[in-house]
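Worksheet: the structure to be examined is printed underneath.
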Amino acid sequence: MNTFPGIGVQVNFAPADRLSDNVLALLHEIAGLLERLVDTGESGSIDLRGLPLLPGERDALKTVLGEGEVRATLDALGETAIHETRLAGVWWVSHCDRNGEQIAEFIEVTRVPVILQSDSRDVRDAGEVLRAQLAEWTALPDAEEEA
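Position 54 (the sequence shown) corresponds to 406 in my numbering; numbering is contiguous.
Below, the structure is given as structure tokens:
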């Protein structure tokens, strides 16, 4: 989505005749997932490690999709790197174990990757913690009142 009126956005990809059939098929699948996201709000993902990609195809896909503006890194039982591609709503997500070995790699088509969304219970607990802290702070005598 172009949120900058008056500034045209153009996405330039490599010519299709230089992309393998596997990469083209993945790009078609991503286009379909984007349409579904817009039409129904339903997210989707592609497990890249579960695909029989030929040498160079993963890199070709990564080059075509490029990198967007948003990046995040999580450290929970290993590092997870998330970056939006140059296509809004298309995210490249890579999970590594504690030794830095990649254990999962996905293309996620969603507004925000699930791993970045706060758990409802955690949000509730955070509100309770903040309310308790505020109650404690407001119960403290004011420094001016003591003087």
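All C-beta atoms, glycine included, are put in the ideal place defined by N, C-alpha and C.
State the DSSP-derived secondary structure class of Val422, mapped to helix, strand or coil.
Secondary structure of Val422 (DSSP, three-state): coil.
Given that a residue counts as buried once 16 or more other Cβ atoms are within 10 Å of its Cβ, and exposed if not, what is Ala412?
That one is buried.
If we count Cβ pairs, one from each stretch, closer than 8 angstroms, do we get three or more for the segment 397-405 versus the segment 452-470?
Per the Cβ contact rule, the segment 397-405 is in contact with the segment 452-470 (3 or more Cβ pairs under 8 angstroms).
What is the rounded straight-line gap between the Cα of Ala484 and the Cα of Arg388?
Straight-line Cα distance between these residues: approximately 43 angstroms.
According to DSSP, what are the bridge partners of Ile398?
Bridge partners of Ile398: Ile459.
So, does the segment 412-432 touch the segment 471-489, judging by three or more C-beta pairs under 8 angstroms?
At 8 angstroms Cβ cutoff, the stretches do not touch.
Going straight from the alpha carbon of Pro465 to that of Leu482, what length do you get?
Distance between the alpha carbons of Pro465 and Leu482: 26 angstroms.
Whole-angstrom Cβ separation of Val416 and Val375, contact assumed at under 8 angstroms?
Going by Cβ atoms, the distance from Val416 to Val375 rounds to 7 angstroms, so yes, they are a contact pair.
Using only alpha-carbon positions, find the residue among Glu421, His447, Lys414 and Arg410 that is nearest to Asp427.
Asp427 has its Cα closest to that of His447, out of Glu421, His447, Lys414 and Arg410.
Just the Cα atoms here: how many angstroms apart are His408 and Ala377?
According to the sequence provided, residue 408 is Gly. The question's His does not apply to it. Pairing Gly408 with Ala377, the inter-Cα distance amounts to about 15 angstroms.
Just verifying my parser: in three-state terms, what is the DSSP assignment at Ala412?
Judged by DSSP in its simplified three-state form, Ala412 adopts helix.
One question on the structure: do Gly396 and Glu460 come within less than 9 angstroms of each other, judged by their Cβ atoms?
Note that the C-beta distance between Gly396 and Glu460 is below 9 angstroms.
Within the same chain, show all residues whose beta-carbon is closer than 7 angstroms to that of Glu419, passing over the 5 residues directly before and after it, in chain order.
His435, Thr437 and Arg438.
Is Val445 helix, strand or coil when you go by DSSP?
Val445: strand per DSSP, three-state reduction.
For Ile382, report the span of its alpha helix (DSSP H) as first-last.
Where Ile382 is concerned, the enclosing alpha helix (DSSP H) stretches over Asp373 to Thr392.
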